[in-house]
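Inspection log for the structure reproduced underneath, given as structure tokens.
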Amino acid sequence: MLLACVCSTGSFALAAENITPVTLDPAQGQVPVQPSLTLLRDPTSALTLDDVMAASADFHPLQGKEKSMNFGYVRDVLWLRLPLQSLSTEEQRWLLEFEFAYLDDIRVFVVHDDHRTQMKAGLSYPVGEWEIVARKPVFPVQLDAGEDVTVYIRAESEAPLVLNMRMSTPNAFNLSENRVVAFLALYFGMLVALGLYNLLLFITLRQREFLIYTCFVLTFGIAASHMNGVAQLTLSQFSVHSPYMVPTGFALAATLAVLFARRFLWLRDTLPMWHRALGFIAVLWALGTLVTQLVSPQRALEIMSIMGVLTTISLMSAGIVAMRRKVPAAGIFVFAWTLLLLGTSMLAIRNTGWLPSNSLTVYGMQFGSATEMLLLSFALAARFTDMKRQKEKAQQELVRTLVRQERELEDRVARRTRELEEAKARLQQIVHKDILTGLPNRSGLAAYFAEFREKADARQPVAVMLIDLDGFKPVNDEFGHDAGDDLLRDIARHLQGALAGDEGIIGRLGGDEFVVLLTGFAERSEVTDRANDILRAIAAAKVTRDGVSVSVAASIGICFGYGADVSLKSLVTRADHAMYEVKRSGKQGIFVSKEDAELAL
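Here numbering that gives the first Met the number 0 is used: the first residue of the sequence shown is 0, the next is one more, and so on.
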């Protein structure tokens, strides 16, 4: 075994000695350096540059996953050795450029034949102390014509150590970096715009979904800006970056994402079990967010990665179930979160070292999150627009229903009113009509006279005839009351025929007494003529019993007055006195009252 170790160490040393230097040709612009790198691990974190240079034989070429330059979470200090050879015929400035911005402590030592240059960068140092102010570690390397130098790189970080690097000319660096910065500026500008847009929607609509989504977008954006080096470059050039901004920010964003999903998918109403499950997860995630502030940055990042993966599984599962239940916008939710969760999952897996570091794994989260946030923001607005449309439709339907019910109610009220009026009319007929003859009774005559007085002039005359049948009692005694009733009905019919409708009204006071109110006359003679017509009409009325035709005669008393100055009672009394004058004479006929006295109301 010892022999194997010695042979292995010897083979590493031999391989390290056979490493070909990176040849730097200005015409290339950007030169990859990974094949020429050798690695030395320092578990004690105590080695200096001199110690490392003295242990040259301990460097070994990159092997296995090390070739991806993604070392994941490591506690060792890593030393990388990079031999460079300039092919330029004149002095040339090159830049050693790290592709990953989220690195804590990077120190670069450039060893020339006659001197050494030491530089530092990373989140552990204020950006103002970096050799080149940029969003990620960049180190200048000055080479003379044809010069060979060796660059030693010391790297340690609480975050995953992703050490992809390359040598670039200043022009090539500026070109590529400007493209990335433009993309990041567009990305973060979009996040700010989406955050403000949803905040305005919250202020306008007072819907919590928009507030939660605003907090999610802004929290996610703050964490992403620190991970991409934008925050420390633009906001804190001269302060040290907090190592907890990224893990705590993304953990809080995951918590807000769970809360948002519960409301966006209407889980309380559509999937109560999932609503409770995500509520429990949100509580755990909130506690996890607090824990990220209490543990080491490396542990906090590991917690963040675990939360990211579990959030992916939880929200995707809830979204798929909601989509199967045909919850509105659930399909957009699943598609949008698929894009984001794929990007964040690749980032989390890359942080463990299981995936290589490249443009897809480094910036996939930005692409996915940008698309996701746009889709969800528009879907959220569209959902509430649809809700507003449905609400307006429901209101219109409610208005139509109310109008229909109002019409039905009006119809019922009108029908009921007609029924009541008809009932009232029937009741009035019962109250104002004589049941036997159908003629107005005493109440009907009073109502007619009251209406006449309201419409009559002060001097408009009125005549009252009181009719008493002569010989009616013997009819009842000899032929029975049925014969008497039939005779009364026939007399009423003949009386109605003897009086024109606009002249007045005929009524029955009771028994064998009838009253006639005449209003449409100009001379008293017209009244006496009408009284004679009535006598003839009564004489013409008859009833037949047992082959015998029975009829009666009548006595009529007449009085005159003025409608506005007399009462019906006084007129009937005076007519009654006149009728008894006929009775006292012992003859049937007519007697006109001689009284001219007018009784005041």
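Note that CB positions come from ideal geometry on N, CA and C, so glycine has one too.
Under the DSSP definition of a beta bridge, which residues are partnered with residue i?
i: phenylalanine 108; result: Gln117 and Tyr151
i: arginine 544; result: Val547
i: methionine 164; result: Phe97
i: histidine 59; result: Leu38
i: arginine 92; result: Gln141
i: proline 460; result: Tyr561
i: aspartate 467; result: Glu512 and Ser554
i: isoleucine 305; result: Isoleucine 305 pairs with nothing; no bridge assigned.
i: phenylalanine 383; result: DSSP, once it has assigned bridges, lists no residue as partnering phenylalanine 383.
i: leucine 300; result: According to DSSP, which records beta bridges pairwise, leucine 300 is partnered with nothing at all.
i: serine 517; result: One point to set straight first is that residue 517 is leucine, not serine, in the sequence displayed. Ala462 and Gly503.
To the nearest whole angstrom, what separates the beta carbons of residue i and residue j, a pair I think is in contact under 8 Å?
i: phenylalanine 219; j: serine 376; result: At roughly 13 Å, the Cβ-Cβ gap does not stay under 8 Å, so phenylalanine 219 and serine 376 are not in contact.
i: lysine 432; j: glycine 443; result: 6 Å
i: leucine 23; j: serine 85; result: 5 Å
i: glutamate 512; j: leucine 465; result: 7 Å
i: glycine 470; j: alanine 552; result: 6 Å
i: leucine 338; j: threonine 370; result: 5 Å
i: valine 107; j: methionine 118; result: 5 Å
i: valine 542; j: leucine 508; result: Actually they are not in contact, since the Cβ atoms of valine 542 and leucine 508 sit about 21 Å apart, beyond 8 Å.
i: glutamine 587; j: serine 554; result: 6 Å
i: alanine 445; j: leucine 570; result: With 8 Å as the limit, alanine 445 and leucine 570 do not qualify as a contact, their Cβ atoms being about 11 Å apart.
i: glycine 556; j: valine 581; result: 6 Å
Hey, quick one: how far does the alpha helix (DSSP H) through residue i stretch, first residue to last?
i: phenylalanine 249; result: 244-263
i: asparagine 177; result: 169-204
i: arginine 441; result: 441-454
i: proline 327; result: No alpha helix (DSSP H) contains proline 327, which DSSP labels as neither H nor E.
i: isoleucine 221; result: 207-226
i: phenylalanine 605; result: As shown, the chain starts at 0 and ends at 600. That puts residue 605 outside it, with no answer to give.
i: lysine 582; result: 567-584
i: alanine 133; result: Looking at the DSSP string, alanine 133 is not in any alpha helix (DSSP H), and its letter there is neither H nor E.
i: leucine 494; result: 480-497
i: threonine 233; result: 229-233
i: valine 51; result: 48-53
What do you reckon, are the CB atoms on residue i and residue j nearer than 8 Å?
i: valine 73; j: aspartate 41; result: no
i: leucine 79; j: leucine 162; result: yes
i: arginine 109; j: threonine 116; result: A small fix is needed here, since residue 109 is valine in this sequence, not arginine. Yes. Within cutoff.
i: aspartate 143; j: glycine 121; result: no
i: valine 150; j: leucine 83; result: yes
i: aspartate 147; j: proline 31; result: no
i: alanine 256; j: leucine 314; result: yes
i: valine 515; j: leucine 498; result: yes
i: cysteine 558; j: alanine 574; result: yes
i: methionine 306; j: tryptophan 273; result: no
i: glutamate 208; j: arginine 153; result: no
i: glycine 71; j: serine 167; result: no
i: serine 44; j: glutamate 155; result: yes
i: phenylalanine 215; j: phenylalanine 259; result: yes
i: lysine 135; j: alanine 100; result: yes
i: proline 139; j: glutamate 128; result: no
i: threonine 310; j: alanine 393; result: no
i: proline 159; j: proline 242; result: no
i: serine 550; j: alanine 536; result: no
i: threonine 518; j: valine 463; result: no
Between which two residues does the beta strand (DSSP E) carrying residue i extend?
i: glutamine 84; result: 76-85
i: arginine 523; result: Note, arginine 523: premise wrong, no beta strand (DSSP E); alpha helix (DSSP H) at 523-539.
i: arginine 507; result: 503-509
i: aspartate 433; result: Where aspartate 433 is concerned, there is no enclosing beta strand (DSSP E), given that its DSSP letter is neither H nor E.
i: proline 31; result: 29-31
i: aspartate 24; result: Careful: aspartate 24 lies outside any beta strand (DSSP E) and carries neither H nor E.
i: glycine 588; result: 588-591
i: glycine 71; result: 69-71
Would you say residue i reaches chain C, if we count a Cβ-Cβ gap shorter than 8 Å as a contact?
i: leucine 48; result: Among the protein chains of the structure shown there is no chain C, as only one such chain exists.
*Is it a yes or a no for the stretch 324-337 touching the stretch 271-286, going by three-plus beta-carbon pairs under 8 Å?*
no
*Taking one C-beta from the stretch 295-306 and one from the stretch 265-275 each time, how about it: are there three or more such pairs within less than 8 Å?*
no
_Taking 8 Å as the cut-off, does the stretch 471-482 touch the stretch 525-535 (at least 3 CB pairs, one atom from each stretch)?_
no
*Would you call the stretch 561-577 and the stretch 481-495 in contact, with 3 or more CB pairs under 8 Å?*
No, the stretch 561-577 is not in contact with the stretch 481-495.
*Report yes or no: do the stretch 240-250 and the stretch 195-205 share at least 3 C-beta pairs separated by less than 8 Å?*
no
*Count the C-beta pairs between the stretch 498-507 and the stretch 575-591 that are closer than 8 Å, then say yes if the count reaches three, no if not.*
The stretch 575-591 and the stretch 498-507 do not touch, with fewer than three beta-carbon pairs separated by less than 8 Å.
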